[in-house]
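Residues 91 to 313 in this note's numbering are what the sequence shown lists, from first letter to last.
By construction, the Cβ of each residue, glycine as well, lies at the ideal position given by its N, Cα and C atoms.
Heads up: the structure comes next, in structure tokens.
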Amino acid sequence: MRGLIIAIDGPSGAGKGTVARAVAQRLGYRHLDTGAMYRAVAWKALQDGLDLADEAAVAVVAERAALEIGPGRVQIDGTDVTAAIRTPQIDRAAAAAARLPRVRAALVKRQRQAGEQGSIVMEGRDIGTVVFPDADVKIYLDASSEERARRRAADPSHGVGRHAALADVESELKARDYSDSTRATSPLAEAKDAVHLDTTGLSIEQTVGAVMEIVGEKLEGGK
Ligand code: DC
């Protein structure tokens, strides 16, 4: 049996990144942060002076750019953008790029290629619904918007700025959730067969433990 495809979806700040990374590490699986792909494409489009409403032009970036989404490092066309893609400007630009159907089609294709061999934990918004509707394990991670804003503001890899008011971080998050959930092409939505995990008040360890239990059951059942 090939290794599992584990899909972790949910809104911003629900803890997907930290949890997906930890689960992948425990299983010896690869981890793919698909949000980083949308962010890197948006960064490159801005860098090239493209208009984010120009779907054809942004789609060319999504189709052709060399993307390396490694552990702790993101590169596009040879440029390290690990820190540059975690800013409020790119939060907004990535959400805009993610609304474009041709950009999504290009990145979904690349995500399927990256994951088809299995042994992967893939995190995003549409992994269990669109990218891998037959994923072996589907988790939908959620948390209250207050908690998600607190986590985002405390995340050292994300340049929201330590001085940003929590209320502003929360309203930006809600605006992005709204954009992600209402777009026409593969909006953020919970797959019917996903396990819903509300992580409000749970530690990272507890959340990772809950996901590992679900994965363990799947591995037992598949034997
Ligand atoms: O997970 P993130 O915040 O880094 O995602 C950046 C943006 O990309 C966000 O607006 C949601 C969007 N996204 C998406 O539409 N589909 C995915 N599979 C991953 C991210």
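- The Cβ atoms of Arg-238 and Gly-103 sit closer than 7 Å to each other.
- Going by DSSP, Val-298 is part of the alpha helix (DSSP H) stretching over 294-311.
- By the neighbour-count criterion, in which a residue is buried when 16 or more other Cβ atoms sit within 10 angstroms of its Cβ, Asp-283 is exposed.
- Shown here, Lys-106 sits in a helix according to DSSP, grouped into three states.
- For the options Pro-161, Thr-290, Gln-207, the alpha carbon positioned closest to that of Phe-222 is the one of Gln-207.
- Put simply, of Asp-216, Arg-176, Ile-210, Met-212 the residue whose alpha carbon is nearest the alpha carbon of Arg-194 is Asp-216.
- Excluding five sequence positions before and after Ala-204, the CB atoms of its chain that fall closer than 6 Å to its own CB belong to Leu-122, given in chain order.
- Per the coordinates, the alpha-carbon of Gln-115 lies some 34 Å from the alpha-carbon of Ala-274.
- With a threshold of 6 Å, the Cβ atom of Thr-272 does not count as near the ligand DC, since no heavy atom of the ligand is closer than that.
- Using a cutoff of 6 Å, the CB of Ser-247 does not count as near the ligand DC, since none of the ligand's heavy atoms is closer than that.
- In this structure, DSSP gives Ile-217 a helical state, which the three-state scheme calls helix.
- Looking at Gln-137, Glu-145, Leu-197, the one whose alpha-carbon comes closest to that of Leu-157 is Leu-197.
- If you compare the alpha carbons of Glu-145, Val-109, Arg-182, Val-301 with that of Arg-129, the shortest gap goes to Arg-182.
- Cα atoms of Asp-138 and Ile-294: separation of roughly 38 Å, rounded to the nearest angstrom.
- Placement of the Cβ of Thr-124 at a distance of less than 6 Å from at least one heavy atom of the ligand DC is found.
- Restricting attention to alpha helix (DSSP H) runs no shorter than 4 residues, the segment 256-280 encloses them at 256-272, ordered along the chain.
- Note on geometry: alpha-carbon atoms of Tyr-119 and Ala-112 lie some 10 Å from one another.
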